[in-house]
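The opening residue of the sequence shown carries number 16 in this note's numbering; numbering runs sequentially from there.
Note that CB positions come from ideal geometry on N, CA and C, so glycine has one too.
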Amino acid sequence: MAEDVLRLEGITKSYGVGTPAATEVLHGIDLRLPHGAFVALMGPSGSGKSTLLNIIGLLDRPSGGRLFIDGHDTATLDDDALTRMRGHSIGFVFQYHYLISAFTALENVMMPELLERGRPDQAMREHALQLLEHVGLAEWRDHLANNLSGGQQQRVAIARALALNPPLVLADEPTGNLDTKSAAAVFDLMRRVSAENGTAFLFVTHNMALAQRCDRIVELVDGRIVA
Ligand code: ADP
Ligand code: MG
Numbered sequence: 016m017a018e019d020v021l022r023l024e025g026i027t028k029s030y031g032v033g034t035p036a037a038t039e040v041l042h043g044i045d046l047r048l049p050h051g052a053f054v055a056l057m058g059p060s061g062s063g064k065s066t067l068l069n070i071i072g073l074l075d076r077p078s079g080g081r082l083f084i085d086g087h088d089t090a091t092l093d094d095d096a097l098t099r100m101r102g103h104s105i106g107f108v109f110q111y112h113y114l115i116s117a118f119t120a121l122e123n124v125m126m127p128e129l130l131e132r133g134r135p136d137q138a139m140r141e142h143a144l145q146l147l148e149h150v151g152l153a154e155w156r157d158h159l160a161n162n163l164s165g166g167q168q169q170r171v172a173i174a175r176a177l178a179l180n181p182p183l184v185l186a187d188e189p190t191g192n193l194d195t196k197s198a199a200a201v202f203d204l205m206r207r208v209s210a211e212n213g214t215a216f217l218f219v220t221h222n223m224a225l226a227q228r229c230d231r232i233v234e235l236v237d238g239r240i241v242a
């Protein structure tokens, strides 16, 4: 049996350590995600969802506990190794796409490979086009990100997140600012990718109708998993 793609043991996070305003916002999170899992993270505003996602995404360090990504204990990794792991093991999708607005859809999807390999080549272009096809946007390849709708931009962001074929994709309210129909399309896309590629998804949503179509709902309240 392969390792879980994600394992958290007693993860805590405090802000302002050493100041009078020190507060613990995550109080011992245990969580396991098998490969290919499709899981919603829910909870009220301020419950620690983004903090947790940032820690899992290696954008921030936990104050305590252990975090394993694809079986690797992240505590043993130095900054370079963390950066490499972040690049290869984790894809990110945010609420506000963070596409480069002056680049085309295709160029945005090429970006992770470009950063990795330094210069664009034909193979990179073809791969990016395949990814755009996968998210149903091949015919929009040469449109500037700026000129795409919110739902299209989010699908480009998903294609970009998949560029290095990570086993885990983290998404912080990826459908948060989309209309119902676009939100459903983005959700269906993530689900299809998860099923077809075996990519695990952990994504924050406030949409109960979508969350109920996941394998599992993890509910966070005041920095604790309650369900
Ligand atoms: P959510 O994403 O569920 O809305 P967050 O993870 O953004 O929650 O925030 C959880 C708690 O941590 C909140 O009380 C927030 O004010 C606090 N917090 C988040 N980031 C910081 C920070 N950089 N410094 C201090 N407190 C923070
Ligand atoms: Mg948040």
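One residue list follows from the rule of a beta carbon closer than 5 Å to any heavy atom of ligand 1, given in chain order as Y30, V40, S60, G61, S62, G63, K64, S65, T66. Between L225 and T190 a beta carbon distance of about 7 Å is seen, short of the 8 Å cut, so the two are scored as contacting. At the C-beta level, R76 and G25 stay beyond 8 Å of one another. Going by beta carbons, L217 and L179 fall outside the 8 Å limit. Within the same chain, Cβ atoms closer than 6 Å to the Cβ of L235 are found at G58, S62, G63, K64, the five residues on either side in sequence being excluded.
In this chain, I70 is not harboured by any beta strand (DSSP E); it is covered by the alpha helix (DSSP H) spanning 64-71. With fewer than 16 other Cβ atoms from the protein chains shown falling within 10 Å of its own Cβ, K196 counts as exposed.
Here the alpha carbon of E122 sits roughly 13 Å from the alpha carbon of N161. Here DSSP, grouped into helix, strand and coil, assigns S29 to strand. Less than 8 Å divides the Cβ of P127 from the Cβ of R175.
Under the DSSP assignment, R140 falls outside any beta strand (DSSP E), being part of the alpha helix (DSSP H) whose first and last residues are 137-149. When beta bridges are read from the DSSP output, I232 appears opposite A55. Distance from the CA atom of V32 to the CA atom of R239, rounded to whole angstroms, is 19 Å.
Between the alpha carbons of Q167 and Q110 lies a distance of about 13 Å.
By a beta-carbon distance limit of 8 Å, G213 does not contact G79. Their separation comes to about 31 Å.
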